[in-house]
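Colleague: Got a structure for you, written out below as structure tokens; questions coming shortly.
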Amino acid sequence: MPRPPTSGAPLVAILMGSDSDLPTMDEAAKLLQHFQIGFEIHVASAHRSPDRVAKFARDAEGRGLRVLIAGAGAAAHLAGVVAAHTILPVVGVPMDGGSLNGLDALLATVQMPGGIPVATVAIGKAGARNAALLAVQILALTDARLRRALLAYRADLTAQVAAKDRQLQTKYPPATR
Ligand code: RP5
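Using our numbering, you'd call the opening residue of the sequence shown number 1281 and step up by one each time.
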């Protein structure tokens, strides 16, 4: 499906620790495009480019960004470091893969000390999609268009479940059970 272009100043930033995270974080980008929310997307590593990450996080609010999404794998400190430098809401996405299948990234992202929260979603692509949806939900608190779009998105999810159940009933009609 072609992605509609986004318009307006970026409200959301998607950060990832490495370009190897892009196949996962692209799921978040696709969701934001679906909701026509302007966003930025960058590679920025908490370990390999710490000064760049800190500056980005400190400047983000002043540049008009409203929600920051940060995905990283393994010793996944990106979301936490970003959160340390801003009071914007930060959503953390643990990457899957690696020798521990993402459990390392999940724990590194979610186990923040009291006072500096990171809203951590599930490991991998579903988590990246939910990170974007959380960002949309936060923005929808003050945006009626987004609120309507979210309600339509939920209605579509419900319709998809009903359609899948109809298919299942066709495959296993009562007479064959
Ligand atoms: C993390 O290390 C990155 O977020 C990535 O998930 C992982 C591996 O990075 P590369 O070695 O592929 O650059 O910091």
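Beta carbons are placed, not taken as given, at the ideal position from N, Cα and C, and that holds for glycine. As the structure is a prediction and not an experimental result, all values here were calculated from the model.
(1) Drop a sphere of 10 angstroms on the beta-carbon of Val1441, count the other beta-carbons inside from all chains shown, and report buried for 16 or more, exposed for fewer.
(2) With DSSP run on the structure shown, which of helix, strand or coil describes Phe1336?
(3) Using a 10 Å radius around the Cβ and a threshold of 16 neighbouring Cβ atoms, would you call Met1281 buried or exposed?
(4) For Leu1291, tell me which candidate among Asp1436, Met1375, Val1333, Leu1426 has the shortest Cα-Cα distance.
(5) Is Ser1225 near ligand 1, with its Cβ less than 7 Å from a heavy atom?
(6) Can you tell me the Cα-Cα spacing of Lys1295 and Leu1448, whole angstroms?
(7) Between which residues of its own chain and Ala1309 is the CB-CB distance below 8 Å, once the five residues before and five after are set aside?
(8) Kindly examine ligand 1 and report whether one of its heavy atoms sits closer than 7 Å to the Cβ of Gly1382.
(9) Is Ala1432 near ligand 1 - that is, is its Cβ less than 7 Å away from at least one heavy atom of it?
(10) Can you grab the Cα-Cα spacing for the pair Val1347 / Ala1359, in whole Å?
(11) Does the separation of the CB atoms of Glu1307 and Ala1408 fall below 8 Å?
(12) What residue range is occupied by the uninterrupted beta strand (DSSP E) comprising Glu1307?
(13) Compare the C-alpha of Pro1397 against each of Phe1336, Ala1415, Gly1372, Val1323 and name the closest.
(14) Hey, out of Ala1364, Asn1410, Ala1289, Met1392, whose CA is closest to His1343's CA?
(15) Please report how far the alpha carbon of Pro1374 lies from the alpha carbon of Pro1303, in whole angstroms.
Modeller: With the structure as the only source:
(1) One-based indexing of the sequence shown puts residue 1441 at position 161. Here Val1441 is exposed: its Cβ has fewer than 16 other Cβ atoms, across all protein chains shown, within 10 Å.
(2) The sequence position of residue 1336 within the sequence shown is 56, counting from 1. DSSP places Phe1336 in helix when its eight states are reduced to three.
(3) For the purposes of this step, residue 1281 is taken as the residue at position 1 of the sequence shown. Reliability fails at Met1281, whose pLDDT of 43 lies under 50, so the model's placement of it is uncertain and no value is given.
(4) Position 11 of the sequence shown, counted from the start, is the residue given in the question as residue 1291. For the residues Asp1436, Met1375, Val1333, Leu1426, the minimum Cα distance to Leu1291 belongs to Leu1426.
(5) Since the displayed the chain opens at 1281 and closes at 1457, residue 1225 lies outside it and no answer follows.
(6) Residue numbering aside, residue 1295 sits at position 15 when the sequence shown is read from its first letter. Residue numbering aside, residue 1448 sits at position 168 when the sequence shown is read from its first letter. According to the sequence displayed, residue 1295 carries Leu and not Lys. Cα to Cα, the separation comes out at about 40 Å.
(7) Position 29 of the sequence shown, counted from the first residue, corresponds to residue 1309. Excluding residues within five positions, the ones whose Cβ falls inside 8 Å are Ile1294, Phe1319, Ile1321, Ala1412.
(8) Walking along the sequence shown from the start, residue 1382 turns up at place 102. Outside the cutoff, so no.
(9) By one-based count along the sequence shown, residue 1432 stands at place 152. Checking every heavy atom of ligand 1 against the Cβ of Ala1432, none is found closer than 7 Å.
(10) Your numbering for residue 1347 matches position 67 in the sequence shown. Your numbering for residue 1359 matches position 79 in the sequence shown. Spanning the two alpha carbons is a distance of roughly 12 Å.
(11) Taking the first residue of the sequence shown as 1, we reach residue 1307 at position 27. Taking the first residue of the sequence shown as 1, we reach residue 1408 at position 128. Yes.
(12) Within the sequence shown, the letter at position 27 stands for residue 1307. Premise fails: Glu1307 lies in the alpha helix (DSSP H), 1302-1314, not in any beta strand (DSSP E).
(13) For this step, residue 1397 is matched to residue 117 along the sequence shown. Comparing Cα positions, the closest option is Gly1372.
(14) Here residue 1343 is taken as the residue at index 63 of the sequence shown, counted from 1. First, the amino acid is wrong: residue 1343 is Arg here, not His. Comparing Cα positions, the closest option is Ala1289.
(15) Position 94 of the sequence shown, counted from the first residue, corresponds to residue 1374. Position 23 of the sequence shown, counted from the first residue, corresponds to residue 1303. If I take the Cα positions, the gap works out to 13 Å.
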